[in-house]
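Residue 60 is where the sequence shown starts when you use this note's numbering, and the numbers rise one by one after that. All C-beta atoms, glycine included, are put in the ideal place defined by N, C-alpha and C. Here the structure comes first, spelled out in structure tokens, and everything after it is commentary.
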Amino acid sequence: MNLRIEYGRVRPKQRRRTKLQLITVHLPETIIKALDELVRRGLFPTRSEAIRAATRELLKKYSALLMPEDPPAGNSISKLFAKYAERLRVAARRGLI
60 MNLRIEYGRV RPKQRRRTKL QLITVHLPET IIKALDELVR RGLFPTRSEA
110 IRAATRELLK KYSALLMPED PPAGNSISKL FAKYAERLRV AARRGLI
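Rendered as structure tokens:
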């Protein structure tokens, strides 16, 4: 995995910029404090990056459930799932997730 050091923190190098969308998540204060501690210790540059990393791990863990059990041939949704699964495999091989 390619890493870069930024303000004393080690971060994975981003290969390209992905447009991020803002979502609102309500979390218990204990989880927020734990996220802040991870940031304070330099494991993540921001809360958002910690949450993105956790989300990637969750999607990786449950990626098989994202695939339709028996996708119809030629269906645009099944093509989308196949494309997403391939991107997950490539990202995993590169150590990004």
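Practice problem: Kindly indicate the opening and closing residues of the alpha helix (DSSP H) around Leu79. | Solution: For the purposes of this step, residue 79 is taken as residue 20 along the sequence shown, with counting starting at 1. Looking at the DSSP string, Leu79 is not in any alpha helix (DSSP H), and its letter there is neither H nor E.
Quiz item: Starting from Thr89 and walking both ways along the alpha helix (DSSP H), at which residues does that stretch end?
Solution: Counted from its first residue, the sequence shown places residue 89 at position 30. 88-99 is the extent of the alpha helix (DSSP H) around Thr89.
Self-check item: Minimum C-alpha distance to Val98 - residue among Ala112, Leu124, Arg148
Solution: Stepping through the sequence shown from its first residue, residue 98 is reached at position 39. Comparing Cα-Cα distances from Val98 to each of Ala112, Leu124, Arg148, the minimum goes to Ala112.
Exercise. For Phe103, I'd like the list of residues in its chain whose CB is within less than 6 Å of its CB, leaving aside the five on either flank, ordered along the chain.
Key: Taking the sequence shown and counting its residues from 1, the one referred to as residue 103 is at position 44. Result list for Phe103: Leu97, Ala109, in chain order.
Quiz item: Assuming Lys119 and Leu147 make a contact with CB atoms under 8 Å, what is their CB distance in whole Å?
Solution: Sequence index remark: in the sequence shown, residue 119 carries index 60 (1-based). Sequence index remark: in the sequence shown, residue 147 carries index 88 (1-based). At roughly 7 Å, the Cβ-Cβ gap stays under 8 Å, so Lys119 and Leu147 are in contact.
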